[in-house]
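Read the sequence shown against this note's numbering and you will find it ends at 443, with the numbers running on by one and no gaps.
Each residue gets a CB set at the ideal place from its N, CA and C atoms; glycine is no exception.
It should be emphasised that the depicted structure is a prediction, and the values quoted were computed from it without experimental measurement.
Here is the structure we will look at.
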Amino acid sequence: MIYFVGAGSGAPDLITVRGQKLLQQADVIIYAGSLVNPKLLWQKKTECRVYDSAKMTLEEVTAVMKEAEQEGKSTVRLHTGDPCLYGAIREQMDVLEQEQIPYEYCPGVSSFCGAAAALNLEYTLPGVSQSVVITRMAGRTPVPAREEIASFAAHGATMVIFLSAGMPEKLTERLLEGGYQEDTPAAIVYKATWEDEKACLCTVKTLAKTAHEHGIHKTALIIVGDVVSHRSYQRSDLYRPGFETGFRKRKRE
């Protein structure tokens, strides 16, 4: 069996209980060495074989999986955060299906959740934003034209931008072009939940300046939207005394 496991956002104790058990039982581990916290490997079995996929191609990764399966071994493919986001797991799963190799997927804590924790942030504040756009800038790999940053920015919703910390000037241009104002609150969170985590508040206008001042050019998330300032939001109806639910009768306010 092949297990795709989300390693969590960085802190080794943010892997799920299920993911930790799979990791401890694995005969083979293939982990994304450029992003996954190596401390997670301290709990592996002594005889476990470990491969760093940062140095491997898709063909080399799947070859290891096939060999392990032929040997009757249990394999954990350890991805950073939750692999459903920019994890390139579908192409691996397709190969496994072609080879009729069974697999399962264990979710993890995404770095966008870790970034919110670093800022004590709620992405969906009533009266401010009820939508979260998770996206990235086009870089060495493209994004569909219809998903260009400016088109998303036009909605004014909360944006969480992956894989774009190395292009802050270009990102600022696209955000302003889409309709965000220069004073729109923003934040840069470097290595969310790691020991060297760094969270920097700024605005769309000062995004590039802040990134350069703090030496942040990779392994960071950029968050844009009025929720970052967590001001001028409405109280949630769910907990208002006068709001009746299936579990609570209306009370006098």
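Name, in chain order, the residues that DSSP records as bridge partners for residue i.
i    : result
A377 : L391, I413
C296 : V195
F352 : R326
Compare the Cα-Cα distances from residue i to each of the options and report the closest residue.
i    : options                : result
Y370 : S354, A410, E338, V414 : V414
K234 : A244, S224, V254, P202 : P202
Y295 : V195, S319, K408       : V195
G200 : G432, F302, Q290       : F302
V322 : G329, Y313, R208, A328 : Y313
K399 : M357, R364, Y429, K439 : M357
R239 : R208, A216, F352       : A216
V218 : Y193, L212, T265       : T265
T270 : K263, I279, E387       : I279
E250 : T236, R267, G262       : R267
A305 : K388, Y429, T362, S341 : K388
T206 : L230, I220, M191, I192 : L230
E289 : E257, R421, Q210       : E257
I291 : A244, R336, T383, G262 : G262
N310 : G436, V418, I192, E338 : V418
Y423 : T252, P334, L315       : L315
L397 : A382, M283, D373       : D373
Y293 : E338, G436, I192       : I192
The beta strand (DSSP E) with residue i in it runs from where to where?
i    : result
V322 : 322-326
Would you mind reading off the limits of the alpha helix (DSSP H) that contains residue i?
i    : result
V418 : No alpha helix (DSSP H) contains V418, which DSSP labels as neither H nor E.
Q282 : 280-288
I339 : 339-343
L309 : 301-309
Looking at the C-beta of residue i, does it have a partner C-beta in chain C at a distance below 8 Å?
i    : result
F342 : Although the question refers to chain C, the structure presented lacks it and comprises just one protein chain.
* **Whole beta strand (DSSP E) elements within the stretch 194-274, 3-residue minimum** => 218-221, 239-242, 265-269
* Asked: Between the stretch 368-383 and the stretch 393-413, do at least 3 Cβ pairs fall closer than 8 Å?
  -> yes
* Asked: Are the stretch 391-407 and the stretch 217-236 in contact at 8 Å, needing three or more beta carbon pairs?
  -> no
* To do: Could you say if the stretch 327-343 and the stretch 352-366 meet the contact criterion of at least three C-beta pairs nearer than 8 Å?
  => yes
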